[in-house]
Structures are given as structure tokens and as C-alpha cells.
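Here is the structure we will look at, set down as C-alpha cells.
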Amino acid sequence: MISLPAPRQCLALVCLLLVGALTGVYTSLFSQSWVLVLGVPLLVPLVVLLITHPQSLFLMLLISRCALDPILESSRFSSNVGLGAALNLLVVACAVVWGLQKLSQRQRPAMLLWVAPFAVMVLGTVMAPDTISALKKLVAFLSYGAVFVMGHQLCLDQDQRGLQTLLRVVILSAIVPLTVGMVQYATGNLFLEGRLAATFTHPNIYAFYCLLVVIALLGLQHTEGGDPGIRWALLPLLVASIVLTQTRSAWAALVVAGLLYGLLVSRRVLLWMLVAVSLAAITPAVQDRLMDLLQGNQVVQYAKLNSFAWRQYIWESGLRWMSPSHYWLGYGVGGFKHYSIDFFPMSGGNAFGAHNVYVERFFDGGLLAVSVFAVFIAKQLQKAWQYTRQVRTLGLLYIALIASYLILNFSDNVVDYLAYNWYYWSVAGAFYAMATGTGQGERKAEA
């Protein structure tokens, strides 16, 4: 007599057949892109790691994210959706799982900090002229809050060792971009106008990222167990990369952070800054970028504006176009870019972002959004200032971190640069944990 298979065996067989059928359908649909064919199956072990060890998944995503932009750009199966969106959702899930596993009252400061900004983003998404684009921005913003909370959580779990771990991961993540950048420079395979972009989609993003790694290097140097050898090996390469990106806002932020560090922490840095600025001043690319600001400042027919004058023109055009009835709540997330075709005389039928987060925040979210985000930043600055009374150097570096972010936001669409924001907000979350004492940051980290 023939024996029938057990119910569990039948169920397993059906599941295997179903998986095989779905794999075949998926492969046939996206066979034109090897990234998509391999990308989704690779998400399976990531989901397993999410459930078993979310902390390791967070650090793994962080150490690799800066090298993934070229792959993620090629994986888009529409103008708004791709594997990048899946990574955003994965990092949000990572924060949720990790938070549930480590549920504690000490998590509240980090979570409460993001409640009002997130509520404003949700309101702006409801009012948005382009819902799909706004939802994408909302998920990206949620991922920024997620990495902030996980950077905070890392210091809750490991105290100062958590801060060291995070800073080391950020520094190690720079190896691939720096290597690619050096190869690009040596071979002349540069971005438009000879600017260095490394693994990023634009030189500005690479410059902002390198600036953040510089601050991480200095932070690691002033924590217990910091290795000065790492700093001196990578610091010149990072500074040179910032110069070669030809990103003027990053130059300004680097000078401000360097002056703050030199005047209040180590006067020797001022001497090195003088040498670096002198060398940069005689570099033709730097001279060209600075001289560019002296011409093309008038809006006249057939005249070509320099990049800063162009920015000023689009800011003025957008703010003049705004109706007073929208001063309180704005036009919704993505409103500035959506309506730029209507109000910007030089749009040529193309939509442009504001290249200024403050202007865009007011246009999209009105005085409500500006007020909420002002309080959001002011709260962090307050904690950073209080932290200087406990651990002076790390507190000043936290202030330098925030100051650099504020400077960069003045002339670029920084909130749209997802990779950079992941690194920035994770480091900011770790510093916030130390500054609020939830990471037991009262213990001195320096002699």
C-alpha cells in the first residue's frame, strides 16, 4: 500500500513550489536589470538579521551605504521606487525591532524630539501637490529619525563604547569612497566641470560626507581608546577630497568647524588650517570657483548667472509668488519644486528645488514648519552646550556638527541627500544620548 506524505511535508512542498513560481515570475519581469534580479533575494538574509540582531544590521547598513548609490540608482523600476526605498523601510523596521527588544524609559528623549517634526511632515504630505513624491520624502525623513534613534540606542546599550563603535563604523565606511575618489582623480574620470564625486551621485554629497567623517575622526580621537594614527592617515585625504569636490558651502563649513576646534581645543590646528588654506588658494580649481562668484550676479536678458546668484533668484521668485494665505501652513511637502515651473522665469519647463532648506521649509510648511524645526535644532544645540560643561571637547564637536549642518542647508537641498543624512543623524543621535546623560555621558572622556 502506498503511504501518503505527512501534512507538513505537503505544506513544505507547496511552499517550495510557490517560491519557485514567484522567483520565475519576478526574474522574467525584471530580467533587464541584474541588480533587481539579485537585490530582492538578498533582502531575505537581511530580514533574518533584522529579527535576530538589529544592531548588527544597522551597523552593516551604515558601513556600506555610502558605496551603494550607483547600484541603487541603477535599480529603479520607476522614477520614484527602487531598492533604495526598500532600504529606507528596512532601516525603519530595524529601529522598531531594536527599540522593542530594548524597551526603556531612556529612549524617550530621542523619540520625543522627533514627534513634532514628523507630525509636520505628515501634515505636509497630506497637503502635498504630488502625493507620491511627498510620500517618498516622508519615508526618507522617517529613516533619518530611525538612524538617530539607533545611534542614540547604541550609546544606551554600550555607553561611551557605543559612541566609539559608531564613529569607527563611520570612519571605516570612508575607505571605499576615498579609494574610488583617488582612482577617479588619477584617471581623470571626474564629474562635470572636473569635480570629484567618488561613489556619490553628486560632488556636493561627497563633500558633505567627507566633512562629517572629519568630525567623526576628531570625535574618536577625544574618546577613550581613540587612535591618533587613524586621524593622521585619513585627515589629509578627506580635506583634499573636500577641496576637489569644489563645493563652496562645504569649504565654508570646514573653515568654521576648523576655527571652532582650533580656537577652543587645539591651537595647532590653526597653523595647519593656514597651510591648507594657502595651498588651496593657489589651486586653479579653487580660484575659478571663488572668482565665479564675482561675475554673473545681475539678472538681465541672455546673461548667465553664477550658481549663487541663480539660487538667490529662485529664492526671491518663490517667496514673491507665495500667497499670504499660505504663510502659516505652506503648500505641502515638495511644493516649492512642484510650483517652481510656474514662478521661476528661468525654469525652462523644468522643476527645481530651492537649494536652501530654510526657504523650502517655509514655502512647503509655512511658519508652523519653520517654528517646529527651529525648536528641533535649538533643543539639540542646548544639549550640546550643556555637554561642553561635562566633556568640553566632545560637546564642542557636537556644536560643530550641528553648525556645519546648518551652513550646508543654506545653499543646498541637503534633506534630499539620503546617504549623507543617514550618517549625519546617526552621529547626531549618539552625541545626543551622551549630551542628555541617557548614554551616561557624565563620565569624563578626556583627561
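Counted the way this note's numbering counts, the sequence shown spans residues 66 to 512.
Note that beta-carbon positions come from the ideal geometry of N, C-alpha and C, so glycine has one too.
Keep in mind the model is a prediction, meaning the values are calculated, not measured.
Query                                                                                                                                                                              : Result
Consult DSSP for A239 and reduce its assignment to one of helix, strand or coil.                                                                                                   : coil
Since C159 and S238 are thought to touch, with beta carbons under 8 Å apart, how far apart are those beta carbons, to the nearest angstrom?                                        : C159 to S238, Cβ: 17 Å. No contact.
Find the nearest neighbour of V157 within the set S208, P174, Q120 and L200, judged by alpha-carbon distance.                                                                      : S208
Use the C-beta contact count for E258: other C-beta atoms within 10 angstroms, 16 or more gives buried, fewer gives exposed.                                                       : exposed
Taking W163 and P119 to be in contact with their CB atoms under 8 Å, please state how far apart those CB atoms are, rounded to whole angstroms.                                    : 4 Å
If you reduce the DSSP assignment to three classes, tell me which class C131 lands in.                                                                                             : coil
Got a sec? Which residues, its chain only, sit under 8 Å from Y326 by beta carbon, not counting five neighbours each side?                                                         : L283, V334, L461, L462 and A465
Under a three-way DSSP split, which group does A416 fall into?                                                                                                                     : coil
Please report the straight-line C-alpha distance between A498 and W380, rounded to a whole angstrom.                                                                               : 36 Å
Under a three-way DSSP split, which group does W337 fall into?                                                                                                                     : helix
Please list the segments of the beta strand (DSSP E) lying wholly inside the segment 217-289, counting only runs of 3 or more residues, in order along the chain.                  : none
Leaving out five residues before and five after A341 in sequence, what residues of the same chain have Cβ atoms less than 7 Å from its Cβ?                                         : V304
Taking the alpha-carbon positions, what's the A317 to I472 distance?                                                                                                               : 8 Å
In three-state DSSP terms, what is M387?                                                                                                                                           : coil
Might you give, ordered along the chain, the residues of its own chain that have their beta carbon closer than 7 Å to the beta carbon of L200, omitting 5 neighbours on each side? : T190
What are the start and end residues of the alpha helix (DSSP H) that includes V480?                                                                                                : Here V480 belongs to no alpha helix (DSSP H), and DSSP marks it neither H nor E.
So, L231 versus V456, is the Cβ gap smaller than 8 Å?                                                                                                                              : no
Which whole runs of the alpha helix (DSSP H) in the segment 397-441 are 4 residues long or more, in chain order?                                                                   : 400-408
Quick one: Cα of D224 to Cα of F123, how far?                                                                                                                                      : 17 Å
At which residues does the alpha helix (DSSP H) containing A320 begin and terminate?                                                                                               : The question names Ala, yet the displayed sequence has Val at residue 320. Counting along the chain, the alpha helix (DSSP H) containing V320 begins and ends at R313 to L329.
Report buried or exposed for L261, applying the criterion of at least 16 other Cβ atoms within 10 angstroms of its Cβ.                                                             : buried
In three-state terms, what does DSSP make of Y392?                                                                                                                                 : coil
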